[in-house]
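Novice: In UniProt numbering, the protein residues as written are 1 to 655.
All C-beta atoms in this analysis are idealised placements derived from N, C-alpha and C, irrespective of residue type, glycine included.
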């Protein structure tokens with residue numbers, strides 16, 4: 001077995017020596033001999049040339065051992081090999097394979113770049129050779145092979161890339177493009193330019209060649225051009241932008257593959273400067289494209305509007321058009337997470353509320369089968385229904401609609417077979433919100449009470465909670481259903497003990513945790529120290545103004561020490577009761593806050609009683625606690641509202 005392996009290794013070694021000899025001694029003179037076309041007759045037929053190549057590559061015992069030491073003995077072989085492009089082609093293919101498989105070979109053969117450049121130059125400048133000419137180009141197969149080898153040798157190497165820059169520019173400018181042969185060479189040239197460390201001007205030239213390919217009648221050429229541009233758009237964005245109009249025209253192509261590549265490249269070209277023009281073209285494409293493209297295109301439009309719009313008005317306009325498109329049901333193809341993202345976008349664009357709710361309402365009248373559209377429209381109508389009825393839209397002509405017509409639409413969504421359970425939840429909540437914006441409160445009460453016995457558990461729970469809000473907490477309804485403030489996009493979900501309240505309207509009862517029986521003295525001491533620490537958090541006065549005083553008392557939750565439980569005590573020193581009392585709080589986004597229901601909404605006069613309310617704050621990073629509070633109440637028939645910031649929390653409450 002060892003002897004056989006030695007024979008194989010010796011055979012491979014002889015082959016490599018022959019290839020090395022061919023590269024250094026024969027190949028530089030090969031193309032020069034081609035210019036002497038008359039000498040072809042001395043060699044004879046192509047069969048003889050092929051046989052001679054086989055002799056050199058298969059039966060090289062006589063040559064491989066003596067070629068490097070005594071090239072004079074091979075002079076007769078030189079005369080015959082000089083015109084054998086098949087030998088050159090075979091050698092380049094072998095070198096390419098070796099460089100792809102072995103990093104050591106790649107580093108070793110990089111010194112052949114000048115010879116390969118010279119061979120390629122001779123091929124370009126050589127005269128007419130009938131045996132190797134294809135559509136006016138001298139041996140295009142060999143040119144393609146050399147370009148591929150140069151691409152491998154020049155990748156991640158400055159010196160090799162510098163040595164081949166000029167010849168690549170020469171090939172790119174002198175190759176005829178009227179035939180597919182020239183296009184094949186240009187395509188390989190472009191790939192080589194993009195893979196090596198080429199000059200910026202040369203890369204622009206390569207991208208311009210791909211731009212010319214987009215105008216070709218051959219679909220295959222257009223497809224490879226779009227694919228190549230898509231690979232280079234991240235590194236040469238500005239150069240590709242010059243061909244934007246041609247790329248957009250490819251969206252109208254009948255070929256499915258070209259359409260998809262053009263769509264992907266169009267989204268890659270979108271930026272803050274061209275978003276309006278590009279979105280117009282992409283929305284037009286969304287109207288006319290096949291269903292297989294709609295999901296990707298609709299999601300791409302939304303993401304581009306969210307990412308690149310220079311302002312929220314532009315982004316909101318684009319995404320609203322996306323959902324309200326009357327020609328194609330684009331809204332049905334929007335991703336699931338687009339609904340809350342769009343709601344957040346609408347909330348933050350205050351000046352566009354009237355326009356958005358009007359546009360969504362009109363779209364809802366035309367089609368209720370698009371569930372994302374229906375959900376966003378229901379939410380907007382519930383929040384901004386008063387703007388819809390009042391006709392305050394300035395961006396377009398306002399529509400005339402009554403409160404009953406709006407409620408009819410929302411009730412229709414509740415009974416429609418097209419509505420999903422999630423959509424019905426949006427609609428019922430929208431109707432409930434309109435109880436503070438419309439005067440038709442009795443009608444809304446009837447609708448809510450009907451769904452208190454719904455077979456849908458989620459819908460039934462909402463209806464029961466809303467009925468309780470009407471009956472027991474009607475004084476709190478305006479504050480609870482007021483407009484949503486500007487929202488920040490949430491990226492993470494907090495712990496369940498803070499976020500999930502299960503829709504409870506009653507304050508949660510926290511049962512005391514009793515420590516288990518212990519016998520070790522050190523454990524008892526630890527518990528006592530811990531309880532002493534909890535009980536020694538000093539109280540503080542958070543607000544004292546106009547007779548209203550808010551005191552905070554603190555304790556730490558045993559299961560999770562990162563949670564601070566704050567109990568507010570509201571007292572009133574004036575001579576009149578403070579009615580409709582509402583306490584609201586907000587914390588920075590690094591905290592999580594849960595505000596439980598208050599004990600009452602009336603703060604008795606002359607400090608005859610207090611209103612208590614529990615706040616639970618999660619502080620996982622142990623940062624200094626900060627809070628902004630909002631107080632709303634009615635005193636002697638006059639509504640009072642005040643804001644305050646609380647920054648002087650005792651360190652024991654958050655450390």
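(1) So, for residue 233: in the same chain, excluding its five sequence neighbours on each side, which residues have a beta-carbon less than 8 Å away from its beta-carbon?
(2) DSSP beta-bridge partners for residue 588?
(3) Let me know if residue 101 comes out buried or exposed under the rule of 16 or more other beta-carbons within 10 Å of its beta-carbon.
(4) Hey, residue 430 and residue 410 are a contact pair by Cβ (cut 8 Å); roughly how many whole angstroms apart?
(5) Here's the rule I'm using: 16 or more other beta-carbon atoms within 10 Å means buried, otherwise exposed. How should residue 306 be labelled?
(6) Assuming residue 207 and residue 186 form a contact by the criterion Cβ under 8 Å, report the distance between their Cβ atoms to the nearest whole angstrom.
(7) What is the DSSP secondary structure of residue 140, counted as helix, strand or coil?
(8) Using the Cβ count rule (16 or more neighbours within 10 Å means buried), how would you classify residue 535?
(9) With a CB to CB cut of under 6 Å and the five nearest residues on each side skipped, what residues in its chain are close to residue 454?
(10) Could you pull out every residue in the same chain whose Cβ sits closer than 8 Å to the Cβ of residue 176, ignoring the five residues on either side in sequence?
(11) From the DSSP output, read off the bridge partner residues of residue 114.
(12) Considering Cα atoms alone, identify which of 621, 608, 600 is closest to residue 614.
(13) What span of residues does the beta strand (DSSP E) with residue 633 cover, start to end?
(14) Return helix, strand or coil for residue 147, following the three-state DSSP convention.
(15) Mark residue 275 as exposed unless 16 or more other C-beta atoms lie within 10 angstroms of its C-beta, in which case mark it buried.
(16) Would you decide whether residue 221 is buried or exposed? Buried here means 16 or more other CB atoms lie within 10 Å of its CB.
(17) On the three-pair Cβ rule with 8 Å, is the stretch 157–167 touching the stretch 188–205?
(18) Buried or exposed: which applies to residue 635, given that a residue is buried once 16 or more other Cβ atoms fall within 10 Å of its Cβ?
(19) Could you tell me whether the stretch 586–605 touches the stretch 637–646, using the rule of 3 or more Cβ pairs below 8 Å?
(20) For the pair the stretch 608–628 and the stretch 568–579, tell me if three or more CB-CB distances fall below 8 Å.
(21) Could you tell me which of 121, 273, 249 sits nearest to residue 284, measuring between CA atoms?
(22) Taking only the alpha-carbon atoms, compute the straight-line gap between residue 549 and residue 571 and give it to the nearest angstrom.
(23) Any beta-carbon of chain C closer than 9 Å to the one on residue 126?
(24) Which one or two residues does DSSP pair with residue 641 in a beta bridge?
(25) Answer yes or no: do residue 626 and residue 582 have a C-beta to C-beta separation smaller than 9 Å?
(26) In terms of residues, what are the limits of the beta strand (DSSP E) holding residue 555?
(27) Starting from residue 473, trace the alpha helix (DSSP H) in both directions and tell me its first and last residue.
Specialist: Taking the structure as given:
(1) 240, 265, 268, 269
(2) According to DSSP, residue 588 shares a beta bridge with no other residue.
(3) Residue 101 is exposed by the Cβ-count criterion.
(4) 6 Å
(5) Burial of residue 306 is indicated by the presence of at least 16 other C-beta atoms within 10 angstroms of its C-beta.
(6) In fact, because the Cβ distance is near 12 Å, the residues do not count as touching under 8 Å.
(7) helix
(8) Legend: pLDDT at residue 535 = 48, less than 50; position of this residue unreliable, no value from coordinates given.
(9) 460
(10) 135, 136, 137, 182
(11) Partner(s): none; residue 114 has no beta bridge.
(12) Nearest C-alpha to residue 614: 600.
(13) Residues 627–635.
(14) helix
(15) buried
(16) buried
(17) yes
(18) buried
(19) no
(20) yes
(21) 249
(22) 5 Å
(23) Note that chain C does not occur in the displayed structure, where there is just one protein chain.
(24) 632
(25) no
(26) Per DSSP, residue 555 belongs to the beta strand (DSSP E) from 548–556.
(27) No alpha helix (DSSP H) holds residue 473; DSSP gives it neither H nor E.
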